[in-house]
Each structure stands twice: as structure tokens, then as C-alpha cells.
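A short write-up of the structure that comes next.
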Amino acid sequence: MTDASVPGREVLLETDRLWLRPWRVAEAAIHRELWTERDERVPPHRRIDADGHPTVAELAERIRANPPSTTGFLAIERKDAGDVIGYCGLIEGQETPGEPELAFELFRRAWNQGYATEASTAVLDWARSSGYERLWATVREWNTASRRVLAKLGFTETDRREADPLYGTTLFVTRRL
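Note that the sequence shown covers residues 1 to 177 in the UniProt record's numbering.
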């Protein structure tokens with residue numbers, strides 16, 4: 001993995017098959033397409049609502065309003081095809097201040113090819129080199145594919161769970177770097 005980051009500049013991570021880089025405003029339609037593929041068990045605030053929100057324009061504004069930084073969702077671009085297949089990155093954690101959460105989401109067409117593990121490994125390596133000592137992740141109990149990725153990455157379940165009879169129990173997992 002190459003880390004082309006410099007303090008105060010955007011993060012660009014490279015693996016054998018992928019680039020992880022900030023989203024571009026012109027990719028708002030791709031970002032919205034991810035929303036359309038989400039499982040019906042995902043809570044409503046993370047799905048397209050009955051009025052069609054978020055729209056491509058709203059997602060473009062979110063990208064524009066959040067300049068590239070050392071955290072946040074990085075677009076996952078396949079080197080060979082030049083297409084964006086999802087995102088991976090760090091978000092503000094729910095557990096402990098200063099210990100962010102790993103998050104990833106890929107198009108279904110990119111599932112079962114090792115991309116989530118590869119992208120997440122690059123983000124974990126970057127986090128370690130940036131001085132983080134531990135990361136968290138949250139995952140719905142029913143999301144076995146993401147749970148497998150997190151287990152491959154060395155995350156372990158904690159005792160914390162948030163039961164939700166409508167959308168499934170959220171598990172809190174962690175990993176020391």
C-alpha cells in the first residue's frame with residue numbers, strides 16, 4: 001500500500017487493484033446508486049425516501065461541502081476498469097472519542113471478490129501509521145458478509161449490542177492497531 005497523504009492534504013491510498021481517494025462531485029450519481037442497492041433492513045435514514053431523497057444534487061452538495069480530509073469515506077476505484085465500486089473510510093466513532101469507526105459499502109457487482117477486505121486493509125494500515133491505536137465498527141447482526149470481512153481484518157465482537165426489532169441488532173466490534 002502506498003500512502004500519498006501529507007498533513008493538511010487529501011488521502012490517496014493505493015493497493016494492488018485499487019485506488020482509495022476522495023469522492024468527486026461529478027460522482028454523486030454513483031454515490032446515490034449505492035443508496036438504491038441497500039437492503040430493506042437498513043434503517044430508513046440510510047435509504048432513498050418516498051420523495052426520492054437524497055437526490056443526486058443533494059449528494060453532490062454533501063460532497064462539495066465536505067472537502068477531502070484524512071478521515072471520511074474514500075471512493076474505491078478499480079485500477080483496471082477505472083470505475084468506482086463503493087467507499088471505505090473512517091467516520092467519527094460512537095464509542096470512544098479519538099477512536100474512529102471503519103465503514104465500507106460496495107456495489108453488489110463487486111461483492112465476493114475481496115475488494116472490501118483489500119480496501120479496509122489499506123485504511124487500517126493508514127490509521128495505524130497515523131497514530132490510531134484502536135478502531136471500531138458497527139454491523140447489523142444479519143449482515144453476515146460484512147461480519148466476515150471484519151473478522152478477516154481482526155475485529156472482535158464486544159459485549160455492546162443495540163437491539164432493534166425492526167432493522168436488526170447492531171453489533172459493536174473493535175480492533176487494536
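Cβ atoms here follow ideal geometry from the backbone N, Cα and C, with glycine treated the same way.
The shortest C-alpha to C-alpha distance from Ile30 to any of Ala57, Arg134, Val11 and Val139 is the one to Ala57.
Asp164 sits in coil when the DSSP states are folded into three classes, being neither helix nor strand. Excluding residues up to 5 positions away in sequence, Leu12, Leu74, Ala75 and Glu77 lie with their Cβ nearer than 7 angstroms to the Cβ of Arg21 in the same chain. Residue nearest to Arg175 within the set Leu166, Tyr115, Trp136 and Val149 is Trp136 (criterion: CA-CA distance). The three-state secondary structure of Arg38, taken from DSSP, is coil.
For Tyr87, the closest alpha carbon among the candidates Arg32, Asp39, Gly131 and Gly93 is that of Arg32. Inclusion of Arg134 and Leu177 in the CB contact set at 8 angstroms is warranted, their separation being smaller than that value. Going by C-alpha positions, Pro97 is about 11 angstroms away from Tyr132.
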